[in-house]
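Asks: Pasting in a structure now, in structure tokens, and then I'll have a few things to ask.
Numbering (mature numbering (1 follows the signal peptide of the UniProt record, and there is no 0)), first residue to last: -32 to -1, 1 to 604.
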């Protein structure tokens, strides 16, 4: 047995009101709390396993991580192979792959235990398991799932284990190589308790009746559960999703018997582990819900927006994560918890126009170490309210909570349908017409829309597809209280334009769509591949110049055109001018004569293709006569 030196930081818990539209409550003055952390290095096999054979006992598996597609998810691009850390480990594996095991570490009571190691050893980890001592009794080995790698992180880690005040710990790590990873250590956190914690926990009881018909439920804000001065660990660079497609349900694992005051402290402990220990820069979840039905604000900005969390690996974009505090693999989630989850889901669902019984298509991120089931970059169709295991190799949110999801979806749909929360109407718009759609020669696109009752402002959204590329997600490019906005677009892009209404409480309407338009290509995309072309400058030409040829079989090619429905040329016309043949691949679309009794410098010729085309568009001169081409647009 060994004891460790404890590093103690005395902090004050800030006091603030629960955020709810019709509720106010007066917290106690800020209370001092001692936040204690232990960082204990693990140096390989520290105890004689021959004298303590129980150290080699396999982990008691309550539920397996599903190794195939689960639930209703449809992986349109195929499945990734499950990480080795998700495989069940046999007794022989424990003996052969044992890289580290600690002796019994005797400490002061702690709330959270997490195991970390150097990021370079991520793919070598087979299993991380802990035993803790609570009330004089040791638990069996409990496996901690390996967390996905975060962008720019310097350490890797396992999912933390939450306790109600354990006083001892053992750690065991198995690796493919049987060698302990560099930087291996266990982090123990006791976030302390204060009178402010007890009052924050009681806020739900005080507020529950008053918020029954409110759009936003009573929520304990960060400023209440956060230790004073600890916002300095919120170092992440905010990434706000432009829309909400799906809402994930998680569980935290660990104790199910915490008190109401301990629940607030657990949120503080999770934040400390995610933000400071792992270097994520904030707590991973957008919201947390305890067993008493108290809702806590998680990641900064979650009350008024959709900040990308760190909760679902390659599926954090355009989603939020709501975590039930406890382990629901074999125990049912309390009704108070699931009822509170319904309130959050209905509130956010109404804000962003989610159909709780519907489906959404998510794009898998690019990380190869995310625990995601889908191949990087592929699409997956999922329920709009789903468990973590639906898209990731994990047992989360546990069998018992996962089995409640159909009932949760129905309850959310009922709440939204009966007016507990109301969706905001979307603005009325008119489809764009020429000269802005389908082809825009001007870079400034004016948008107008009708007013919406209850809206305090409007957001303008934009999907862009650079030449040869697919459309990305909607990005909010402007927020305004006016009912008009001008969007500026670069050359060569296709764009889809939107607007939506936003209420004071953060509710957002569905997007109103103006249509798809394409801007003319930059000159760098007009490849003069044969013949003779001369650049002629004059303010009379579109963009101040034109390409001119007097040689038969001179060609201009546009490579990598994608999903083209129309081709537009900006040309010069005049007496004695020649002809141009336009090809999509090897198929001639049309021959265009530029001969005209009236001389022009920027005439437009628009050709409609018989079907959408991807490939090379070619312009070919058919005569030894003047041909002037100032611009080409390949419109979607």
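By construction, the Cβ of each residue, glycine as well, lies at the ideal position given by its N, Cα and C atoms. Keep in mind that this is a model prediction, so the values were computed, not measured.
1. Note the first and the last residue of the continuous beta strand (DSSP E) segment covering residue 145.
2. Have a look at residue 601 and residue 560 and give me their C-alpha separation to the nearest angstrom.
3. Grouping DSSP H, G and I as helix and E and B as strand, with all else coil, what is residue 113?
4. Let me check understanding here. Comparing Cα to Cα, which of 475, 399, 458, 452 lies closest to residue 489?
5. Provide the residue span of the beta strand (DSSP E) that contains residue 528, from first to last.
6. Determine the contact status of residue 570 and residue 509, defining contact as a CB-CB distance below 8 Å.
7. Hey, how far is the Cα of residue 532 from the Cα of residue 604?
8. Report yes or no: do three or more beta-carbon pairs, one from the segment 520 to 529 and one from the segment 465 to 479, lie closer than 8 Å?
9. What's the gap between the Cα of residue 456 and the Cα of residue 413?
10. Taking one C-beta from the segment 180 to 197 and one from the segment 327 to 338 each time, how about it: are there three or more such pairs within less than 8 Å?
11. At the level of alpha carbons, what is the spacing between residue 113 and residue 448?
12. Throw me the rounded Cβ distance for the residue 544 and residue 563 pair, which I believe falls under 8 Å.
13. What separation, rounded to the nearest whole angstrom, lies between the Cα atoms of residue 158 and residue 76?
14. Going by beta carbon distance, what residues of the same chain come within less than 6 Å of residue 135, once the five residues before and after it are set aside?
15. I'd like the list of long-range same chain contacts for residue 424, defined as Cβ closer than 8 Å, with 5 residues on each side in sequence excluded.
16. On the DSSP bridge assignment, give the partners of residue 596 in chain order.
17. As a quick exercise: from 47, 87, 96, 64, pick the residue whose alpha carbon is nearest that of residue 70.
18. Applying the criterion that 16 or more other CB atoms from any shown protein chain within 10 Å of the CB defines a buried residue, is residue -18 buried or exposed?
19. Counting C-beta neighbours from all protein chains within 10 Å, is the total for residue 552 16 or more, i.e. buried, or is it exposed?
20. If you compare alpha carbons, which of 88, 452, 430, 211 is closest to residue 418?
21. Could you round the C-beta distance between residue 437 and residue 464 to whole angstroms and report it? I think they count as a contact, below 8 Å.
22. Would DSSP call residue 275 helix, strand or coil?
23. If you follow the alpha helix (DSSP H) that residue 473 is in, where does it begin and where does it stop?
24. Count Cβ pairs between the segment 343 to 357 and the segment 368 to 385 that sit closer than 8 Å; are there 3 or more?
25. Taking its Cβ as the centre, do 16 or more other Cβ atoms sit within 10 Å of residue 461, making it buried, or is it exposed?
26. Going by the CB atoms, is the gap between residue 386 and residue 352 shorter than 8 Å?
27. Do you know how far the Cα of residue 188 is from the Cα of residue -16?
28. Between the Cα of residue 125 and the Cα atoms of 320, 248, 382, 550, which residue gives the shortest distance?
29. Classify residue 328 as helix, strand or coil using the three-state DSSP reduction.
30. Compare the C-alpha of residue 83 against each of 130, 253, 20 and name the closest.
31. On a Cα-Cα basis, can you pick out the residue from 211, 252, 581, 120 that is closest to residue 289?
32. If we count the other Cβ atoms within 10 Å of its Cβ and call it buried at 16 or more, is residue 398 buried or exposed?
33. Which partner residues does residue 215 have in the DSSP bridge list?
34. Comparing alpha-carbon positions, which option in 206, 116, 350, 262 lies nearest residue 275?
35. So residue 584 is in the alpha helix (DSSP H); what residue range does that whole segment cover?
36. Roughly how many whole angstroms lie between the Cα atoms of residue 271 and residue 263?
Replies: Reading off the structure:
1. In this chain, residue 145 is not harboured by any beta strand (DSSP E), its DSSP state being neither H nor E.
2. In this model, residue 601 and residue 560 are separated by some 15 Å (Cα to Cα).
3. Residue state, collapsed to three classes: coil.
4. For the residues 475, 399, 458, 452, the minimum Cα distance to residue 489 belongs to 458.
5. Residues 523 to 541.
6. A contact, by the Cβ cut-off of 8 Å.
7. Approximately 5 Å between the Cα atoms of the pair.
8. Look at the beta carbons and you see the segment 520 to 529 not touching the segment 465 to 479: under three pairs across the two are nearer than 8 Å.
9. Rounded to whole angstroms, residue 456 to residue 413 spans 6 Å at the Cα level.
10. Judged by Cβ distances under 8 Å, the segment 180 to 197 makes no contact with the segment 327 to 338, as fewer than three pairs qualify.
11. Each residue's alpha carbon lies about 44 Å from the other.
12. The C-beta distance from residue 544 to residue 563 rounds to 7 Å, short enough to meet the 8 Å contact threshold.
13. CA-CA distance, residue 158 to residue 76, rounds to 9 Å.
14. Leaving aside the five residues that flank residue 135 on each side, the residues in its chain whose CB is nearer than 6 Å to its CB run, in chain order, 77, 101.
15. Cβ within range, chain order: 449, 470, 471, 472.
16. Secondary-structure assignment with DSSP links residue 596 through a beta bridge to 516, 540.
17. 96 is the residue among 47, 87, 96, 64 whose C-alpha sits nearest the C-alpha of residue 70.
18. With a pLDDT of 33 at residue -18, under the threshold of 50, the modelled position of that residue is not reliable, and the figure given next carries that caveat. When all chains shown are included, residue -18 counts as buried.
19. Under this definition residue 552 is a buried residue.
20. Among 88, 452, 430, 211, the Cα nearest to that of residue 418 belongs to 452.
21. Their Cβ separation, rounded to whole angstroms, is 13 Å, which puts residue 437 and residue 464 out of contact at 8 Å.
22. In this structure, residue 275 counts as strand in the three-state DSSP scheme.
23. Secondary structure note for residue 473: it is in no alpha helix (DSSP H), with a DSSP letter that is neither H nor E.
24. Yes, since at least three Cβ pairs between the segment 343 to 357 and the segment 368 to 385 fall closer than 8 Å, the two stretches touch.
25. Residue 461 counts as buried, since at least 16 other C-beta atoms from the protein chains shown sit within 10 angstroms of its C-beta.
26. With a cutoff of 8 Å on beta-carbon distance, residue 352 and residue 386 are scored as not near each other.
27. Legend: pLDDT at residue -16 = 32, less than 50; position of this residue unreliable, value from coordinates given subsequently. Per the coordinates, the alpha-carbon of residue -16 lies some 8 Å from the alpha-carbon of residue 188.
28. Measuring from the Cα of residue 125, the nearest candidate turns out to be 248.
29. DSSP places residue 328 in strand when its eight states are reduced to three.
30. Checked all of 130, 253, 20; the closest Cα to residue 83 is 130.
31. Checking every option, the nearest Cα to that of residue 289 belongs to 252.
32. Counting of Cβ neighbours within 10 angstroms places residue 398 among the exposed residues, the total staying below 16.
33. In the DSSP assignment, the residues bridged to residue 215 are 288, 353.
34. The candidate whose alpha carbon is nearest that of residue 275 is 206.
35. DSSP places residue 584 in no alpha helix (DSSP H) but in the uninterrupted beta strand (DSSP E) bounded by 568 to 589.
36. Answer to the nearest angstrom: the Cα atoms are 12 Å apart.
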